[in-house]
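Colleague: The following block contains the structure, expressed as structure tokens.
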């Protein structure tokens, strides 16, 4: 999937560059977080000095972009080329800039990950958008997730969609939630999404993945778990709760017509409440959730026929 150039909305308008960068902290948090993940590599961390230099580079880059190409959309190679030019004049921070040039090259169209961050999006704004990430690259996956979150904020958080209902569901996002470097990004995303009227949901099969995020999640929906006691321990529930959790089966057992869920939430007075609910399932649910090989094969064939995952799921769900 060609992702939207998430850099472009940082470009200020008119002569208010300084105010734009200082006031709109969300954009800086997002772009800094994404570029830090690009810099760090797998299982590494960005030290304080590199982080400070990166922030200065971003500010300088957009000052230059505003003066020299205010109407041009920004792609990864623009930042890469800006850093290469900066390298010619770098002295004190030369080693760090060289490292950035080396790392960011991977995300240009000539690097390890072409066609993702160095060209315009081909995403169409429709009622249902499905991003299916089929990669086992722990370095790339969080960057893709963050880019999608930022894309959704930029597009569907705009005034054009103000009156529309918007929900973002991230399935199996445990690797992302558990990453310490993503914490600031996640906190900012939750705050920004709420302000923009966008709901966000993370899905995982391991309740413990949420420990670092419990303060930011107003609703916890617990579906089928192989080991319900994990949820009891994570959410400090009792034996009665455990008994109810054990009654929950997989959606397939209900023929995908509804799902049984244990919900923990805060009521209008701020008091924590909980209970077991039956929730009706929408038609597309089966084709998103089912992992049975037969269903997966049908879905793959439908994707080839329809041309996209989104159209395939709609076709299968409604028999069109």
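Numbering (this note's numbering), first residue to last: 40 to 359. Yeah, the Cβ is synthetic: ideal placement off N, Cα and C, and Gly gets one too.
Counting along the chain, where does the alpha helix (DSSP H) carrying residue 144 start and finish?
Modeller: Looking at the DSSP string, the run of the alpha helix (DSSP H) that includes residue 144 is 133-144.
Colleague: Per DSSP, what kind of secondary structure is residue 97 in: helix, strand or coil?
Modeller: helix
Colleague: Name the two residues that bound the continuous alpha helix (DSSP H) containing residue 156.
Modeller: Looking at the DSSP string, residue 156 is not in any alpha helix (DSSP H), and its letter there is neither H nor E.
Colleague: If you reduce the DSSP assignment to three classes, tell me which class residue 320 lands in.
Modeller: coil
Colleague: To the nearest angstrom, how far is the alpha carbon of residue 198 from that of residue 328?
Modeller: 32 Å
Colleague: Give the range of the alpha helix (DSSP H) segment to which residue 123 is assigned.
Modeller: 115-126
Colleague: Is it buried or exposed, residue 176, if we count other Cβ atoms within 10 angstroms and call 16 or more buried?
Modeller: exposed
Colleague: What residue range is occupied by the uninterrupted alpha helix (DSSP H) comprising residue 264?
Modeller: First-last for residue 264: undefined, no H or E at that position.
Colleague: By the DSSP assignment, the beta strand (DSSP E) with residue 206 in it spans what residues?
Modeller: Residue 206 -> beta strand (DSSP E) spans 205-210.
Colleague: With distances taken from CA atoms, which of 287, 295, 303 and 298 is nearest residue 273?
Modeller: 303
Colleague: Between the Cα of residue 295 and the Cα atoms of 268, 330, 311 and 310, which residue gives the shortest distance?
Modeller: 330
Colleague: Between the C-alpha atoms of residue 139 and residue 148, what's the straight-line distance to the nearest angstrom?
Modeller: 16 Å
Colleague: I think residue 208 touches residue 228, with their Cβ atoms under 8 Å apart; what is that distance to the nearest whole Å?
Modeller: In this structure, residue 208 and residue 228 do not form a Cβ contact; the two beta carbons are roughly 14 Å apart against a cut-off of 8 Å.
Colleague: Could you check the C-alpha separation between residue 339 and residue 258 for me, to the nearest Å?
Modeller: 33 Å
Colleague: Mapping DSSP to helix, strand and coil, what is residue 296?
Modeller: coil
Colleague: When you compare only the Cα positions, how much space is there between residue 352 and residue 323?
Modeller: 6 Å
Colleague: Could you tell me the boundaries of the beta strand (DSSP E) in which residue 238 lies?
Modeller: The continuous beta strand (DSSP E) containing residue 238 extends over residues 237-242.
Colleague: Which partner residues does residue 314 have in the DSSP bridge list?
Modeller: 302
Colleague: Buried or exposed: residue 143, going by 16 or more other Cβ atoms within 10 Å of its Cβ?
Modeller: In summary, residue 143 is buried, with 16 or more beta-carbon neighbours lying within 10 Å of its beta-carbon over all protein chains present.
Colleague: Under a three-way DSSP split, which group does residue 258 fall into?
Modeller: strand
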